[in-house]
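S.K.: Counting from 1, position 125 in the sequence shown corresponds to residue 705 in this note's numbering; the numbering is continuous, with no gaps.
Built from N, CA and C at the ideal position, the CB exists for glycine as well.
Okay, handing you the structure first.
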Amino acid sequence: MTISLLSDRMVFMLSIRLQRVGRKNDPSFRVIVADSKLKPKTGNFLEILGMYDARKGKPVINVERAKHWISKGAIASGTVHNILLDLKAVTGKKINVLGKKTPIIKEAPAVEATPAPVANEATVESVVAETATESKEEATEATV
């Protein structure tokens, strides 16, 4: 009986993404290569490619290693892709990392309401009288 081990053939989807390391209200990030299925907070990553301070806006990334990982099949996240474009490490268009805003629906202009047909005063009085008698009858039935 032979057992084949799949660990030799397992291929991980790698991603180049940011991992937050800054304090509260002081965002700074590591640029890491990690398995795409693992959460960035776990700390399991293959390599640190550099740092990105969001307040200063100047990333320090090892571009050669980033190109190496991209050539191996790693996919950069949207933000990291845009940072690499700014550093001229990759070519292409910037990715819109912000989702689409929900469109604001403008209210339709109010259509002029046509006046309701005017009822005769006699018909209105008769309707009021009928409802009054019906309510009296219901009251007497309820007491009996």
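If you count every other CB in all the chains shown that lies within 10 Å of the CB of R597, and 16 or more means buried, which is it?
M.R.: buried
S.K.: With a threshold of 16 other CB atoms inside 10 Å of the CB of I663, please say whether the residue is buried or exposed.
M.R.: buried
S.K.: Do the region 632–639 and the region 606–615 make contact, defined as three or more Cβ pairs closer than 8 Å?
M.R.: With contact defined as three or more Cβ pairs closer than 8 Å, the region 632–639 and the region 606–615 are in contact.
S.K.: Name the residue from T622, G602, S595 whose alpha carbon lies nearest to the alpha carbon of I612.
M.R.: S595
S.K.: Excluding the 5 residues flanking E627 on each side, which residues of the same chain have their C-beta closer than 8 Å to its C-beta?
M.R.: I612, V613, R645, W649
S.K.: Once DSSP output is grouped into helix, strand and coil, what is the label at V611?
M.R.: strand
S.K.: So, is I684 buried or exposed, given that buried needs 16 or more other C-beta atoms within 10 angstroms?
M.R.: Classification for I684: exposed.
S.K.: Are the beta-carbon atoms of G653 and I675 separated by less than 7 Å?
M.R.: no
S.K.: With distances taken from CA atoms, which of L618, V660, L678 is nearest T671?
M.R.: V660
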